[in-house]
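Peer 1: My questions all concern the structure below.
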Amino acid sequence: MLVVFAMLLTASMLTVIGEILLKLGVNAVSERVGAFSLNPTVLWTTFTDWRVILGFVLVFGGALFWLGVISRVNLSFAYPLLALNYVLILIPSRLVLHETITPTKIVGAIIVVIGVVVITWGAASNQG
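Next comes the structure, spelled out in structure tokens:
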């Protein structure tokens, strides 16, 4: 089970870092050519930005680790753990993107953690 949690943590961290890079990339592109759209210039500028490319690579890497997780445990056990990504994204969103972390977001994150614990508590004992 330790391997599963290590893979899950790796998947989550790669996904969170990838999402931060995607956001940084689209923000930079938006400053140059406007908000994301299907305009060919915007698409080209977006998908050639190094942050967007690296972000997609990291998110894809996270998906590979996720495949390792779901190949080892029940989906009903593993999937609720993805909700922890919401909690994990809060700190880099504040530190890197300078987003505001409101008390409501903190309370929500605590509720998410409690929910994950409640949902997975019994499911963990059913893993074979």
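Start counting the sequence shown at 1076; every next residue gets the next number (our numbering). For each residue, glycine too, the CB sits at the ideal point set by N, CA and C.
#1: Among Val1171, Ile1186 and Leu1172, which has the Cα closest to the Cα of Pro1178?
#2: Once the 5 residues before and after Val1144 are set aside, which same chain residues still bring their CB inside 7 Å of it?
#3: Out of Leu1077, Leu1133 and Asp1124, point me to the one whose CA is closest to Ser1105's CA.
#4: Express the C-alpha separation of Leu1113 and Arg1107 in angstroms, rounding to a whole number.
#5: Could you tell me which uninterrupted alpha helix (DSSP H) segments, each at least 4 residues in length, are contained entirely in the segment 1143 to 1172, listed from first to last along the chain?
#6: Which class does Met1076 belong to by DSSP, given the choice of helix, strand or coil?
#7: By Cβ distance, which residues of its chain are closer than 8 Å to Leu1097, with the 5 residues on each side in sequence left out?
#8: Report the rounded CA-to-CA distance for Lys1180 versus Ile1164, giving the unit in angstroms.
#9: Going by C-alpha to C-alpha distance, which of Ala1138, Asn1102 and Met1076 sits closest to Val1171?
Peer 2: Working from what's here:
#1: Counted from its first residue, the sequence shown places residue 1178 at position 103. It is Ile1186.
#2: Here residue 1144 refers to the residue found at position 69 of the sequence shown. Val1079, Met1082, Leu1083, Ala1086 and Ala1153.
#3: Against the sequence shown, residue 1105 aligns to sequence position 30. The candidate whose alpha carbon is nearest that of Ser1105 is Asp1124.
#4: One-based indexing of the sequence shown puts residue 1107 at position 32. One-based indexing of the sequence shown puts residue 1113 at position 38. Between Arg1107 and Leu1113, the C-alpha separation is close to 15 Å.
#5: 1150 to 1153 and 1159 to 1170
#6: The residue given as residue 1076 occupies position 1 in the sequence shown. Coil, per DSSP.
#7: Mapped onto the sequence shown, residue 1097 falls at position 22. Cβ neighbours of Leu1097 beyond the five flanking positions: Arg1126, Val1127, Gly1130, Phe1131 and Val1134.
#8: Against the sequence shown, residue 1180 aligns to sequence position 105. Against the sequence shown, residue 1164 aligns to sequence position 89. Straight-line Cα distance between these residues: approximately 11 Å.
#9: As a position in the sequence shown, residue 1171 is number 96, starting the count at 1. Ranking the options by Cα distance to Val1171, first place goes to Asn1102.
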